[in-house]
Structure formats: structure tokens, C-alpha cells
Amino acid sequence: MKLAVYVSDNVPETLIGDPGRFRQIITNLVGNSIKFTCRGHIFVSVHLVEEVQSQSSVRDKVLWHSLNSVKGISQKSYNTLSGYPVVDRSKSWEKFKKFSGNSYNHKNDATGPVEVLVTVEDTGIGIPLDAQGRIFTPFMQADSSTSRTYGGTGIGLSISKCLVDLMHGEIGFVSEPNCGSTFSFMLPFTKRGAHSLNVTLHDCDPLVSEFQGLRALVVDYRVIRAEVTGYHLSRLGIYVDIALNFNSVSTFLSQSEQKSQQSGYTMFLIHKDVWEAEGPSEFNCLLRESQKMNNNEILVNSPKIFLVVTSIDPNERIKLKSDGFVDNVLVTPLRLSVLVTFFQEALGHGKKKLGSKKNPSNLGSLLKEKRILVVDDNIVNRRVAEGALKKYGAIITCVDSGKAAIEMLRPPHNFDACFMDLQMPGMDGFEATKRIRAIEGEFNEGVLSNETSAGMFGNVGGWRTPILAMTADVIQASNERCLKCGMDDYVSKPFEEEQLYSAVAQFFESG
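Quick note: the sequence shown, position 448, residue 448 per the UniProt record's numbering, numbers continuous.
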């Protein structure tokens, strides 16, 4: 099953509203889709209402393809994220009052109101027609067999509707049995600043500066899937072209050779569907032909090749890299933190570049018998992190709040490191880390002034527990806030071996 997220460039980077309620609505809807979808995809997209209202002149390519994806390419293939058919998403919002023509249009207003539309599309079991009228009723599911088969109480959608109502928004859905469901909700927010997402990131974020101006060619049979991949690259300042097959790649390469060498492609992201159907040898031939067209000059910085997959066996990943076919394998859903790590490694620059001694396969020697505290308010996230770290021999303790983490990390303790979630209710990871560092500072001062006996706890005059932020959003973690509050580094959720190794190798020696 594929999972993807897309946010239109027209959506401002920062909006004023209630983040807790907004996050809970999305969590409920996505959780519901995951529960009832066993094949195909779940696709979360975010646009401005005004983009959707002007369907006749849609400029956003992902939105355009999404609105037209109900039309099949063939009887067996659809222009959707997974190729499975989907319901007509426009029907999920057609009854919204805000779509009656009284919408806001404040494109040039830096602080005016803005209405955001979030859509969660799945290819799950769908909702029976006779049950659709009561879907937002508390403790109601389609029928008793649904509860027995999939579990749950049937309260998630009811809570979502209540939260949307409290925020003065609207929610709707469209569903067909054995095809899937699409839920959409609209919420009003207030802008803070005039810049849209990509402008702000391109101008201010250091990661974007690192990749700014690079060019990538995404090769994928499915246009909408390729556009979503390109969206993640664009957030890093990378210019993206899309080819639907290797034949199209040849055209793009020819056009590139007609320009200056500096305008050539830095990287290729090829989906596994194309790779398996057309073969790596065919692609290598294209690259060789491109070099011949360039007067047989072998480029010093040859383009990097990344294979994009939904899942892959670790041994297959190793073989692909060792055989020299690809520089690395990207597993969807794509995360900026993972892209940054892989791109920096392949391009040979950046703080996270992996040296020759840094081999992710040695994670076990780094983490074996290391005592690690995992801090996350979400029980699922805690279990996933615990399982991933235990796999490498670490001894894990979990707590569910920043306050609990402070008590656990109050010197003296026996933890070697802490993995801290950033977004937690009550006290977030930033504040918890600040307080932990303050407590450590007081303890160290006590040791130096002989108020605390250093002999009781060993050589702890410089007590400082490594704290790594856990986040699904690299943009949130990449700014200076992590370092300012005292964190040492960050890792993406879920963990990727290369990035995890790069982070923990700073603190632990291989056994």
C-alpha cells in the first residue's frame, strides 16, 4: 500500500489557527483510511479553496490529475497514485457552503483570511450506501461485521466532524463500496506573512541553499505519482522534469545536451515499475549515448541514480548498490530528512556525508547494549521506535511526555542517549530538552564546586546526555531551533539506517 502527502505551493508556510485540532482531524481520517485499506494507496493533499473552486483553470498539476483521475487510462489502469480506481473527489466537497461563490480571495493580502482544503483519498473497502447517512454518528460503524473485522469504536469520524465544526469549517465525503472513500474538510485560517511555502524555503532554509539550482529527472509511468515525487524535490530547491518512460528520457537528455553542460541533470529518480519493465541496461545505454552526443566527454560529476520503491528487501537494496546500478534506493513515502541524507551522501557534500568508516550495517556494533530513552506521546510511534532500536541490540525505555523525560534524565542516570519527539502536548521536545540541559548544567556546577561528589557517579564533570530529535518533518528539525534548545541532531520517523547511523556514530564507538 502506498502513502503520499502533497501540499500545494500556494498554501502559505505559516498559518494562524489551532494546530492541535488540525492535527487530530488529519490523524483520525488517515488512521481510518489505513484501517480500511489493504491495497492501493492513501493520498493526503492540501490546497487552497480558491484553487479548487476554479476547476476550469486549475494550474496545480497534482490537483488537475486528481480531479481527472476517475477517468481510466485503460480498463486495468488509472492515472492515480497506485493505478487503482478512485471515487470522484470533487463530490466530497460539492455541498460545502463556502463553495457557493462567497469565497475569500486575498492573494495580495499578507495577513488576511485563507481557507484550506484537506483531502484524504483511499482505495479501501468503501462505505455501504445504506450506512453513509450515519457515518458521522458517534459509535456507529457500517455494520457489526466491520467492528469485528477491523476493530475500533466508530467514534473517530464523529470527533473529526465536531472538531471541524468548532473551527468553523466543513467536512464531507464520497464513497463507493469496493472502490474507496475520499474525505475532505475545509478550515479557515489567517495568514502570517506573504510568502508561500516554496518561496520561504528557497530563500531561508540552509538545506535548500545546498541543493538550490540542481536538476533532477523523475521517471515514472504514473504522472500523479511522479508529480508528488517532484514536489518533495522542489521543496529542496531542485528543478524537476518528468519523463514517463526511458524513451522520454532520451528526449530530455537530447534537449539537455543542446544547452550548457551546467544545465545537465544532477540526478535521476526512477520508479521501480519503469526500472523492472524497461531494464537498467536500457537506461545505461541512454546515458552512454548522451555522453557520445557530448563529444565523448565523461562528466566529472556524473548524474546520480536513485531507485524509488514502495518496499524492498534489504539484501536486494545492497545488491543493487554493490552492482553499481544505482547510488541508493528511496522507499516511499518520501521524507525530506531521508532525501537530504541520501543526496548529501551521493553528491559528496554536507555535514551528514558518510565517510568510508560509516557503514549502516555496523549499527549493531554501535547500539548494542546502549541504554536509550525514547520519548513520544504516541504509543504507536513509541513501539515502532522501540522495535527499530532493539533490532540493533539497544536496551530501550519509553516514556510518553516531556515531563517524564526530565525525571528520567535527571543526573545521575544510566542512559546513553535519548530520542525525543518534537511535537508533544503539555511540554514539547524543545522545552523538555532546554530543561534537561539546565538540570545537567546545575549538576555539573555542583560537581565542580564539590557540592556534589564526583566520586559517587564516576567522571561526570561534563554530564551531557546526547538528545536526538525525532521528526517526520525535516524542515521543522533543520532550523536552528534544535541546536538552540540543546539537541545534538535529528533523525526522521520512521528511522532510515543511513541517517540513523550518521546520527548515533557521533556519540558511540563501534564495538
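Ideal placement from N, C-alpha and C gives every residue a C-beta, glycine not left out.
Inter-residue spacing [alpha-carbon to alpha-carbon] between residue i and residue j
{"i": "alanine 503", "j": "valine 491", "result": "7 Å"}
{"i": "methionine 1", "j": "glycine 237", "result": "29 Å"}
{"i": "isoleucine 41", "j": "glycine 364", "result": "Note that residue 41 corresponds to histidine in the displayed sequence, not to isoleucine. So the two alpha carbons sit approximately 33 Å from each other."}
{"i": "arginine 222", "j": "proline 411", "result": "54 Å"}
{"i": "phenylalanine 183", "j": "glutamate 51", "result": "18 Å"}
{"i": "residue 523", "j": "cysteine 418", "result": "Residue 523 is absent from the model: the chain starts at 1 and stops at 511."}
{"i": "aspartate 400", "j": "valine 274", "result": "43 Å"}
{"i": "methionine 420", "j": "methionine 470", "result": "6 Å"}
{"i": "glutamine 261", "j": "asparagine 444", "result": "Note that glutamine 261 scores 48 on pLDDT, short of 50, meaning its location in the model is unreliable; the coordinates nonetheless yield the value given after this. Cα-Cα distance, rounded: 56 Å."}
{"i": "alanine 131", "j": "glutamate 407", "result": "49 Å"}
{"i": "leucine 339", "j": "alanine 4", "result": "15 Å"}
{"i": "isoleucine 25", "j": "glutamate 496", "result": "27 Å"}
{"i": "leucine 157", "j": "leucine 63", "result": "25 Å"}
{"i": "tyrosine 84", "j": "tyrosine 501", "result": "37 Å"}
{"i": "isoleucine 34", "j": "glycine 446", "result": "51 Å"}
{"i": "residue 519", "j": "arginine 371", "result": "The chain is shown only over 1 to 511; residue 519 falls outside these bounds and no answer can be derived."}
{"i": "arginine 59", "j": "histidine 47", "result": "12 Å"}
{"i": "valine 30", "j": "glycine 172", "result": "15 Å"}
{"i": "alanine 216", "j": "phenylalanine 415", "result": "43 Å"}
{"i": "lysine 493", "j": "phenylalanine 189", "result": "28 Å"}
{"i": "valine 309", "j": "serine 302", "result": "22 Å"}
{"i": "methionine 424", "j": "glutamate 345", "result": "31 Å"}
{"i": "arginine 335", "j": "valine 164", "result": "28 Å"}
{"i": "asparagine 79", "j": "glutamate 442", "result": "60 Å"}
{"i": "phenylalanine 246", "j": "cysteine 285", "result": "10 Å"}
{"i": "residue 512", "j": "tryptophan 463", "result": "The chain is shown only over 1 to 511; residue 512 falls outside these bounds and no answer can be derived."}
{"i": "phenylalanine 343", "j": "asparagine 315", "result": "21 Å"}
{"i": "glutamate 276", "j": "serine 322", "result": "18 Å"}
Three-way DSSP call (helix, strand, coil) for residue i in this model
{"i": "aspartate 60", "result": "coil"}
{"i": "glycine 348", "result": "coil"}
{"i": "valine 174", "result": "strand"}
{"i": "asparagine 284", "result": "helix"}
{"i": "leucine 269", "result": "strand"}
{"i": "residue 517", "result": "With the chain running from 1 to 511 in the structure shown, residue 517 is simply not present."}
{"i": "asparagine 247", "result": "helix"}
{"i": "isoleucine 318", "result": "helix"}
{"i": "serine 54", "result": "coil"}
{"i": "phenylalanine 495", "result": "coil"}
{"i": "tyrosine 231", "result": "helix"}
{"i": "leucine 217", "result": "strand"}
{"i": "arginine 371", "result": "strand"}
{"i": "isoleucine 159", "result": "helix"}
{"i": "isoleucine 224", "result": "helix"}
{"i": "aspartate 241", "result": "strand"}
{"i": "valine 118", "result": "strand"}
{"i": "glycine 112", "result": "coil"}
{"i": "cysteine 204", "result": "Low confidence applies to cysteine 204: its pLDDT is 42, below 50, so where it sits in the model is not reliable enough to give any reading."}
{"i": "threonine 341", "result": "helix"}
{"i": "phenylalanine 306", "result": "strand"}
{"i": "lysine 95", "result": "coil"}
{"i": "valine 329", "result": "strand"}
{"i": "aspartate 165", "result": "helix"}
Residue nearest to residue i in terms of C-alpha spacing, selected from the options
{"i": "threonine 37", "options": "Lys95, Glu227 and Ile127", "result": "Ile127"}
{"i": "residue 516", "options": "Asn68, Thr119, Ile16 and Gly20", "result": "No information on residue 516 is available, as it lies outside the stretch 1 to 511 that the chain covers here."}
{"i": "threonine 465", "options": "Lys493, Arg435 and Arg481", "result": "Arg435"}
{"i": "lysine 391", "options": "Val249, Glu369, Asp376 and Ile379", "result": "Glu369"}
{"i": "serine 175", "options": "Arg89, Phe189 and Ala226", "result": "Arg89"}
{"i": "valine 114", "options": "Thr14, Trp463 and Leu366", "result": "Thr14"}
{"i": "aspartate 428", "options": "Ala388, Val447 and Cys482", "result": "Cys482"}
{"i": "isoleucine 224", "options": "Ile467, Lys484, Ser45 and Asn414", "result": "Ser45"}
{"i": "glutamate 210", "options": "Glu227, Ser234 and His168", "result": "Ser234"}
{"i": "tryptophan 93", "options": "Lys272, Glu442 and Leu67", "result": "Leu67"}
{"i": "phenylalanine 283", "options": "Ala243, Glu440 and Lys319", "result": "Ala243"}
{"i": "threonine 251", "options": "His232, Pro314, Leu287 and Pro303", "result": "Leu287"}
{"i": "aspartate 377", "options": "Lys403, Leu366, Leu389 and Phe507", "result": "Lys403"}
{"i": "alanine 394", "options": "His413, Arg382 and Leu366", "result": "Leu366"}
{"i": "asparagine 32", "options": "Phe136, Ala438 and Gly230", "result": "Phe136"}
{"i": "lysine 95", "options": "Asp327, Phe43 and Gly169", "result": "Gly169"}
{"i": "proline 333", "options": "Val228, Gly112 and Lys97", "result": "Val228"}
Assumed close pair residue i, residue j - CB separation to whole angstroms, cut-off 8 Å
{"i": "valine 219", "j": "isoleucine 270", "result": "4 Å"}
{"i": "methionine 186", "j": "valine 49", "result": "6 Å"}
{"i": "glutamine 499", "j": "serine 311", "result": "Actually they are not in contact, since the Cβ atoms of glutamine 499 and serine 311 sit about 18 Å apart, beyond 8 Å."}
{"i": "glycine 133", "j": "serine 181", "result": "That belief does not hold up - the Cβ atoms of glycine 133 and serine 181 are roughly 15 Å apart, past 8 Å."}
{"i": "glutamate 386", "j": "isoleucine 396", "result": "5 Å"}
{"i": "leucine 409", "j": "leucine 373", "result": "7 Å"}
{"i": "leucine 253", "j": "lysine 304", "result": "Not quite, the Cβ-Cβ distance comes to about 15 Å (not below 8 Å), so this is no contact."}
{"i": "leucine 129", "j": "arginine 21", "result": "With a Cβ gap of about 30 Å, leucine 129 and arginine 21 do not count as contacting."}
CB contact below 8 Å: residue i versus chain C
{"i": "glycine 17", "result": "Given the protein chain composition of this structure (a single chain), no chain C is represented."}
For this session: Could you tell me which uninterrupted alpha helix (DSSP H) segments, each at least 4 residues in length, are contained entirely in the stretch 374-457, listed from first to last along the chain?
Result: 379-390, 402-408, 429-448 and 454-457
- Query: Unbroken alpha helix (DSSP H) runs of length 4 or more, entirely within the stretch 2-52: which are they?
  - Reply: 19-36
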